[in-house]
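Numbering (full-length UniProt numbering), first residue to last: 1 to 765.
Spelled out as structure tokens, the structure:
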């Protein structure tokens, strides 16, 4: 009979630990969070010291029951949830539940923390348990309460002022602001022309190019040659002049390796190098951390993946250095171990960077046991960790000035003389400029050079690039918005709310995102302010380190926020969603305005409903008139609502069928008949569920009698009643973590049944 119970967050981790701990230990999983705030008003009460009302999370109640049952049978309880604030909070919630059932009398309930799932790390942690750290719990509670107060109070305001169903988040809103501001910069960008002048020459068989940097003693800046005329004038002045090497400057340069991975740099590199989303990166890293059977039992392959520390354990550094010494020449191993400094003031020193649990487990040796994603990510972590302890790369750089009449041309070259860490790993960057790494011939001062070609190149300035997932994570980190563990969820939330879309892997705000951002920046400027958000994050860090109390932090936030909410109740919807246009309606001459509807922004007459003139954004009045001149009539059918003609119309999201009597009759239907699933609508029991697309192309299933019945579900439905709550249908849900399941669409029910396990057995959670 086991005398101890160890509680972890995920079942795949439980399997790994069970093998290490033997028969004295029962290991159970909480399946993540066990309690959350009740989803209604008053869950956080500012009048009563921000008292928080919790309830069990329905889908995890059976796991809590199993834990409760097991605690009754053992003497010692070890809480081994993840080694971060959220993990600490889950441990605290478990203790609260067990105490409320009076199950911990005469028993020890202690916290154990390990940052890697290897036998030594786990046994050492169990040998050194501690109490639950209340400061970390308070920091997590404060974060949860802040997010609740912002979401629960701002979202209804967005419903009233913009559109039903919208929501706002404390950290998502400043992230959305970043994307919208970048879009505004791009729209406001004015292209500027400039020219550069070049000389092509050669010595022996080596060709090279030089660029004009100085003219008549004046250094040339980017816009010194603004147009074709100036460039032609310079070419005429330099034509037929001899070219002579006047100065040669040689330097030795070295480049040091990048620090080992933190959560943020891991996400950035996985996006750039591997083309993985931040969300997929974190899921894959979790699998590598929790343990994979690599032939001789299950073992965690990397350390904990939520960290902002770049520190490495001494034993790990020793192992890496000895691997370098065994595998490479002596030159590749620096005399002393390389230590990296944490930039982040709140990086807990106990935490390490993300590294392999053993550098001796080479990517090739574990490849047969890993999925493609797991291998790609492990390979990258392994190489980055190895490279961080290797010698710098060395380069010889040469700069040559070539005088030609009153102009001086500069040619630069770089030659790698020692690969160092670059033999293993090179960090990628976003939107990189091309570096000039050309190889130059051996030149000497006084050399006369042939002028193979003298020419100009026209250039135009480019707008700033839109954010990719990698550059957005970098910006969030630089501005101090959120923390590494929250970046992936910030990005997922913005995409799920359809505030942004990814176009060619770059973020673009939708009309909805733009209007929500405009509303928040105009009326809640402090709460989307980057400095304010970062300051609040720092205060949460101070709570975690015991330097601040959580209630005063909450209090000062709430006083300002609630006052702002009360002031903004009087704003009208039109104020937020309508912009005036300096253009008269071609139909009735009243002013036109930009309005916001279900399908985004459009141009409409302010004389509505007397005048029904509308057109799409970006469309001129002439284009709209051409489109409207000859409507395509659907032959042999009449509008089912009013008997009028049906026309093929063009809207923001493509063509659709609409009634000719709009706006009196608002009947519309898709041009392509949607696929019928044959499943009866569980709500109205008269319609069928059909496959539709959201405005951004995401599939969902809704009743074909819409708008009479508004029932809809994201997952494909099956005509089987739920065995738990008897809801008439189940849905098919596929995730990387749990595989394919039949799931009850009624959230409060929580029924799920696995049909096909995940691709990788270890991906199960």
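Where is the CB? At the ideal position from N, CA and C, for every residue including glycine.
DSSP links residue 455 through a beta bridge to 198. Collapsing the DSSP output to three states places residue 120 in a helix.
Here residue 47 is exposed: its Cβ has fewer than 16 other Cβ atoms, across all protein chains shown, within 10 Å. Assignment of alpha helix (DSSP H) within the UniProt domain "Toprim" (3 to 113), counting only whole runs of 4 or more residues, yields 11 to 21, 61 to 73 and 85 to 100 in chain order.
Put simply, the backbone Cα of residue 228 is about 51 angstroms away from that of residue 389. For the stretch 597 to 674, the full-length beta strand (DSSP E) segments reaching 3 residues or more read 600 to 605, 614 to 616, 632 to 638, 645 to 651, 654 to 659 and 668 to 670 along the chain. Between residue 709 and residue 683, the gap from beta carbon to beta carbon is short of 8 angstroms. The C-beta distance from residue 289 to residue 275 rounds to 22 angstroms, too long to meet the 8 angstroms contact threshold. Take residue 13, set aside five residues on each side of it, and the residues of its chain with a beta-carbon closer than 6 angstroms to its own are 290, in chain order. When Cβ pairs closer than 8 angstroms are counted between the two stretches, the stretch 357 to 376 is seen to touch the stretch 311 to 319, the count reaching three or more. For residue 500, the enclosing beta strand (DSSP E) covers residues 500 to 503. Scanning the stretch 130 to 175 from its first residue to its last, the whole alpha helix (DSSP H) runs of 4-plus residues come out as 134 to 161. Residue 264 sits away from residue 509, with the two beta carbons spaced by 8 angstroms or more. For residue 560, the three-state secondary structure derived from DSSP is helix. The stretch 484 to 504 and the stretch 557 to 564 do not touch, with fewer than 3 CB-CB distances between them shorter than 8 angstroms. Looking only at 105, 96, 157 and 292, the smallest Cα-Cα distance to residue 75 is reached by 105. The three-state reading of DSSP puts residue 528 in helix, counting H, G and I together.
For residue 496, the uninterrupted alpha helix (DSSP H) segment begins and ends at 487 to 496. Under the three-state reduction of DSSP output, residue 449 falls in the strand class.
No Cβ-Cβ contact shorter than 8 angstroms links residue 281 with residue 352. In this structure, residue 83 and residue 304 form a Cβ contact; the two beta carbons are roughly 6 angstroms apart against a cut-off of 8 angstroms. Just so you know, the alpha carbons of residue 55 and residue 594 end up roughly 45 angstroms apart. Contact between the stretch 162 to 181 and the stretch 509 to 526 is established, with three or more Cβ pairs separated by less than 8 angstroms. Here residue 276 carries a coil assignment [DSSP, helix/strand/coil]. About 11 angstroms separates the Cβ atoms of residue 545 and residue 138, ruling out a contact at the 8 angstroms cut-off. In terms of Cβ geometry, residue 679 and residue 715 do not form a close pair [threshold 8 angstroms].
Contact between residue 267 and residue 488 is confirmed by a C-beta separation of about 7 angstroms, below the 8 angstroms threshold. In the structure shown, the three-state DSSP call for residue 723 is coil. Where residue 509 is concerned, the enclosing beta strand (DSSP E) starts and stops at 506 to 509. Here the stretch 238 to 250 makes contact with the stretch 446 to 463; the two share three or more CB pairs at distances below 8 angstroms. With contacts defined as CB atoms closer than 8 angstroms, residue 7 and residue 81 qualify as a contacting pair. The C-beta distance from residue 596 to residue 515 rounds to 6 angstroms, short enough to meet the 8 angstroms contact threshold.
According to the DSSP assignment, residue 688 belongs to no alpha helix (DSSP H) but to the beta strand (DSSP E) extending over 688 to 693. By the C-beta density criterion, residue 741 is buried, having at least 16 other C-beta atoms within 10 angstroms. A Cβ-Cβ contact shorter than 8 angstroms links residue 5 with residue 77.
Taking 8 angstroms as the cut-off, the beta carbon of residue 705 is found closer than this to the beta carbon of residue 686.
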